[in-house]
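Read through the structure below, which is laid out as structure tokens, and then see the notes.
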Amino acid sequence: MGDNATSQVLIGAVFLLLAFSVAVVLVVVARQARGPALPYAEVTRPGYALRRLWFGVVLATAALAVVVSLFLLPYPGSAQLAHAQEVRVVAHQFFWQLTTTTFRVGQSINFAVTSADVNHGFGLYDPHGVLMAQVQAMPGYVNHLVVTFRAPGTYIVRCMEYCGQLHHVMEIALVVKA
Amino acid sequence: MSSSIIVPSTAAVPRITAPPNVAETAQARQVRVDRLIFLYLGTAVALFLLMGLAGLTMRAHQAGLLPLDATQFYVILTLHGTGMLAAALLGTMAALWYVVQPTLRLESGPLWLAYFLAIVAVVCVVGSTLIGGFGAGWTMLYPLPFYGWWPAWSTALFLLGNLALSLSFGLFCLVLLLQVIRTYGSLSQALALPVALGRAGGHHGQQGQHAAADPAQRMAIPPPPVLIATVTSLQGLVIVAGGAVIGFGLLGHLVDPAVKLDPLWAKNITYFFGHNIANITLYLALGMLYAILPRYAGRAWQTTRPVALAWLVVLVCVLLAYFHHLYMDFAQPRVLDVAGEGFTYSAVTAALSVTIFGALLLIWRSDFRWTLGSLLLYVGFSGWMVGGIGAAIDAFIPANFRLHNTLWVPGHFHTYFLLGVLPFVFGFLTHLLEGISDHETSRRVRMMIVVPLLVGGYGLVGTWLLGGLMGLPRRYAEQPPGGAALGTVAVAFVALVIVSLLLLLREWWRLAIISRLPAYGRELYDLGFRKVS
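Chains A and H supply the protein sequences, listed in that same order. Here the working numbering is used: the first residue of the first sequence is 6, the next is one more, and so on. Here the working numbering is used: the first residue of the second sequence is 196, the next is one more, and so on.
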């Protein structure tokens, strides 16, 4: 499936791990809840201490996630924009208009995306059908998405923002040559 | 059965003297409130079921099992989203009102008016969609409402319907907030600020004090349901104000197309309103959970300092977390994107550390009384947690780059609703019916209801989450490759959910017959019923 699918696989793995953990905790707590009750003070004494630790772990994880995200933001910087070839993209109900649809491997492309009518979503899928990048197409605004094509093939652009009755057929093919 | 129930001491619940201008007896007032609560809950159930059928229609079409025009699909999508929101609001408003009513002595007049406004909203939305063909989606993202196949009158009617729903919820919040301030003396007291600042209360401190009759001496600490009522009603008023701003903006453009809105500004206000009004149904339900769960655990859930602090965090952070809906609008100022992550994870931290951990602690080694009602509440608890995982992942900007507007989004919010809010509301109704009828559902029937709900529900949302990982876009009437197969699997899981709900309806009917609910109204005036507290 290629490198583009790595993110989705990682996301799926994280989700399953956390969801499974939730399931285990809920089952264990439910089973422990049967039988003679402990006085609540005997539960809260160690419980509140555990909660302080838990709070620390959750807060640290959340803070780490925010910090890590700052290094993985999809928003192009000025250097990236300067070295990318600009391709203007205008979204319409219900078709895409691009200044070119043919590219070469290794090319860094600055898709300057806007809309002529309603909000659309520029969703770029690689030849394996994996969603590799996206940006909103907004009327009155130009959003810049920088993508480097690393493999030849036919890439599909689909609309990612509900835009009307032909939202689901609004796609265009981009050809990337070696 | 009754002799084995462990009931928390009623001394833990503040008893506040009723305002002197109440003419009727306290029990007669409770009569009216109970019937009104059942009206809210019954309407919520009916809406959930009807909108659920609409959802099944869409999923069946996506599976290739049911032919629909694209416009029909998107009209049903619009109706389904708005109708489900109305159902969730009605159910959770009733649940919170019910649990705080003994403390706050709320008048039922405003609740009747709020119900009437909600019905007007439903009629408007049904009219605009099924008759007018309005299909812009429940979010009505500007300028789409003005670029569709539907006539302008259906746009106006849909907008009016949303405004009516907002007014309904806004009235509920206003009445709740005014009464909670009146009862506790100040907003600061109602928010348990002294507890949050460490000046009052504590883990085993002055919990649940009675409010003094003399307003100058009121030092009561609100119990958690009342604290949550304060937080959610404050949030609700801000949310409704935001909804009014975008609503009137859209109406303005409808009346005069020369009145244009900035698309980015409009998107911000739209998602501020949409994210928050959907989320707040969960928090209203949590207010109910803080009141009801202790009854089954035989322990009190008190307003400790962590609880007070957590709900202050929720007050601010949940409102501002909405920025996470605009990560892919690259024109949005970067600082707001990162702030959206920060606010989202702050709210998640508060929820995980306090409500979730607190609930698990409450239940741990408690000889918890498992009934159908409490089991459904536990299912709702699971849905809130698992839905939260999906949401937290989607709120991580690099992940959102791959998941935004894919099926991951309906995957996580259907986990919140189908497996969170719906079991919370249905569990609450079951709790009431089991209490009034003084009967519990057998273990066998409990399993027959809950197991299909869990398997079917998590299976259904699993098809969306998997679809999201596959990059399948949301809101597609016709599916890209792989989508139809997932849709077929989803329909099979929905069948399980339907089995569960049919058995649950049957069980409600059985409990209602035992409690002679049809004669409820007449009986209550004979003071012959047993109040479910």
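Quick reminder that beta carbons are idealized off the backbone N, C-alpha and C, glycines included. Only a predicted model underlies this, so the values are computations on that prediction, with no experimental measurement involved.
Check, Outcome
"First through last residue of the beta strand (DSSP E) which encompasses A:His125", "His125 to Tyr130"
"CA nearest to the CA of H:Pro340, picked from H:Met288, H:Thr465, H:Thr427 and H:Gln384", "H:Thr465"
"Beta-carbon spacing of H:Thr425, H:Thr287 below 8 angstroms", "no"
"For A:His172: DSSP bridge partner residues", "DSSP output for A:His172 lists no bridge partner at all."
"H:Ala503 and H:Val390 closer than 8 angstroms at C-beta", "yes"
"A:Asn115 in three-state terms, based on DSSP", "strand"
"For H:Leu648, the nearest candidate out of H:Gly444, H:Ser361 and H:Leu699 (CA to CA)", "H:Leu699"
"H:Val450: CB within 7 angstroms of a non-hydrogen atom of the ligand COA", "Absent from the structure shown: the ligand COA. Ligands present: none."
"A:Phe76 (DSSP reduced to helix, strand or coil)", "coil"
"Sheet register partners of A:Val92 (DSSP bridge)", "A:Phe116"
"Alpha-carbon to alpha-carbon, H:Leu366 and H:Ala359", "10 angstroms"
"Where A:Pro144 sits in the DSSP three-state scheme", "strand"
"Span separating the alpha-carbon of H:Arg701 from that of H:Gly237", "14 angstroms"
"H:Thr610, DSSP secondary structure in three states", "helix"
"Inside the stretch 222-308 of chain H only - alpha helix (DSSP H) runs reaching at least 4 residues", "265-299"
"CB of H:Gly731 within 8 angstroms of CB of H:Gly247, strictly", "Absent from the model: residue 731 of chain H. The displayed extent of chain H is 196 to 728, so no value can be given."
"Boundaries of the beta strand (DSSP E) in which A:Gly158 is found, first to last residue", "Gly158 to Cys164"
"DSSP bridge partner residues for A:Ile177 (one or two, in chain order)", "A:Val162"
"Neighbour-count burial assignment, H:Glu635, 16 or more Cβ in a 10 Å radius", "buried"
"CB-CB length for H:Trp559 against A:Val48, believed under 8 angstroms", "6 angstroms"
"Buried/exposed call for H:Pro605, threshold 16 Cβ in 10 Å", "buried"
"Proximal chain A residues relative to H:Thr544, where beta-carbon distance stays under 8 angstroms", "Phe60, Val63, Leu64 and Ala67"
"A:His133 burial status per 10 Å Cβ neighbour count (16 or more: buried)", "exposed"
"8 angstroms Cβ cutoff, H:Pro338 in contact with chain A", "yes"
"Residue(s) in a DSSP beta bridge with A:Lys182", "A:Arg109"
"Touching by the beta-carbon criterion (3+ pairs, under 8 angstroms), the stretch 588-604 of chain H and the stretch 615-625 of chain H", "no"
"Cβ-based burial, H:Leu392 [other Cβ within 10 Å; buried from 16]", "exposed"
"A:Lys182 burial status per 10 Å Cβ neighbour count (16 or more: buried)", "exposed"
"Closest Cα partner of H:Gly582 within the set A:Asp131, A:Ala24, A:Thr105 and A:Gln170", "A:Ala24"
"Local conformation of H:Ser567 per DSSP, three classes", "Ser is not the amino acid found at residue 567 of chain H; the sequence shown has Leu there. Looking at H:Leu567 - three-state DSSP - the assignment turns out to be helix."
"C-beta atoms of H:Val509 and H:Tyr485 nearer than 8 angstroms", "no"
"Chain A within 8 angstroms of H:Ala249, Cβ atoms only", "no"
"Straight-line gap, H:Ile416 to H:Thr498 (C-alpha atoms, nearest Å)", "7 angstroms"
"C-beta neighbour in chain C for A:Gly82, strict 8 angstroms", "The chain labelled as chain C is not found among the protein chains of the depicted structure, namely A and H."
"Chain-ordered neighbours of A:His3 on chain H, where CB pairs are closer than 7 angstroms", "Past the boundaries of the shown model lies residue 3 of chain A; chain A is included only from 6 to 183, so the question cannot be answered."
"For A:Phe100, the first and last residue of its enclosing beta strand (DSSP E)", "Phe100 to Leu103"
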